[in-house]
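Participant: In my numbering, the protein residues as written are 395 to 701.
(1) Three-state secondary structure (DSSP) at residue 600?
(2) Cβ of residue 501 within 8 Å of Cβ of residue 521?
(3) Counting only the same chain and skipping the five closest in sequence on each side, list residues whose C-beta sits under 7 Å from that of residue 467.
(4) Residue 469 and residue 480 - do their beta-carbons sit closer together than 8 Å?
(5) If we ignore side chains and look at the alpha-carbon of each, how far apart do residue 609 and residue 445 end up?
(6) Within the same chain, show all residues whose beta-carbon is closer than 8 Å to that of residue 456, passing over the 5 residues directly before and after it, in chain order.
(7) Where does residue 498 sit, in a helix, a strand or coil, going by DSSP?
(8) Is residue 624 buried or exposed, if buried means 16 or more other CB atoms sit within 10 Å of its CB?
(9) Of the choices 486, 496, 560 and 514, whose alpha-carbon is the least far from that of residue 535?
(10) How would you call residue 651, buried or exposed, if buried means at least 16 neighbouring beta carbons within 10 angstroms?
(11) Going by CA-CA distance only, name the one from 635, 620 and 614 that's closest to residue 604.
(12) Rounded to whole angstroms, how far is the Cβ of residue 626 from the Cβ of residue 662, which I believe are closer than 8 Å?
(13) Would you decide whether residue 606 is buried or exposed? Buried here means 16 or more other CB atoms lie within 10 Å of its CB.
(14) Taking C-beta to C-beta, are residue 664 and residue 506 nearer than 8 Å?
(15) Determine the direct distance from the alpha carbon of residue 519 to that of residue 577, and round the result to whole angstroms.
(16) Using the Cα positions of residue 555 and residue 668, report the straight-line distance between them to the nearest angstrom.
(17) Tell me, please, whether the stretch 542–561 touches the stretch 407–416 by the rule of three or more beta-carbon pairs shorter than 8 Å.
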């Protein structure tokens, strides 16, 4: 609950989803909690990958691209470290699978799943905003989009208000760099000159997602797959371009925090017409690219992902 002199109890209790799921999986037995945490995360990775695969098949693409989510080194890192990202983004993947702007009941289910994801980790917020935009873009009914966004976000706000009143501590994780976080790529630039770990972040996180961002901007320019492009750009900006100094401290932190950008990139697959571009994109998001760059930099990949 404490990091140095900082009391982080509010931050921990705000992310209540993963601890609750682990407690339920452990059947309330404290000795079983470590095993339950591993079980929850492994099931979350498998279920999240399946949800993306089903979504891709529904949109006429091979489901095999979904494996990029389950094999993303940032997700593997989160499983090894018993972190909340696998469960949070599993819930997001299920929310996207359920999402259908033509059906209010499915929209309600999608918003409910997003609400659970936000109670697990607040970094899923870009999906709530992006899918609310998709609701508005489909029929230009602002009230409907705002209702979707409120259903997804208000439970998190209410719970954090309760935690703040209960513990009298903040539930917001501070970046430690103030206004400088608003500068593009300040988090990475603040570590210059880079060591091997930061070069690994550059080649396996920054370069791939910036290239995909260029493609998303092209889709916006051509007015194709606008909602999917906006969804990716929101996640790319929040979790690649504007991540703070303390999140780029090493690959583990930067890689797992880029998971939403990876997931959003998979929802751009139906927009790509050229198979060569799809294969190139899959290659630079694959664990093989990560292993190749880590080897070239003289870094032991397993240590980077697990220690």
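Note that beta-carbon positions come from the ideal geometry of N, C-alpha and C, so glycine has one too.
Facilitator: So, to answer that:
(1) Residue 600: helix per DSSP, three-state reduction.
(2) Residue 501 places its beta carbon 8 Å or farther from that of residue 521.
(3) Correct list, in chain order: 649, 681, 684 and 699.
(4) Yes, the Cβ-Cβ distance between residue 480 and residue 469 is below 8 Å.
(5) The alpha-carbon atoms of residue 609 and residue 445 are separated by roughly 24 Å.
(6) Here the set comprises 450.
(7) Reduced to three states, the DSSP call for residue 498 is helix.
(8) Buried, since its Cβ has 16 or more Cβ neighbours within 10 Å.
(9) It is 496.
(10) Residue 651 is buried by the Cβ-count criterion.
(11) Here the closest residue by C-alpha is 635.
(12) Taking 8 Å as the upper bound for CB-CB distance, residue 626 and residue 662 are in contact here, some 6 Å apart.
(13) Classification of residue 606: buried, given that the 10 Å Cβ count is 16 or more.
(14) Pairing residue 664 with residue 506 gives a Cβ-Cβ distance that is not under 8 Å.
(15) The C-alpha of residue 577 lies about 20 Å from the C-alpha of residue 519.
(16) For residue 555 and residue 668, the gap between their C-alpha atoms comes out near 48 Å.
(17) In short, these stretches touch, since the Cβ pair count reaches three.
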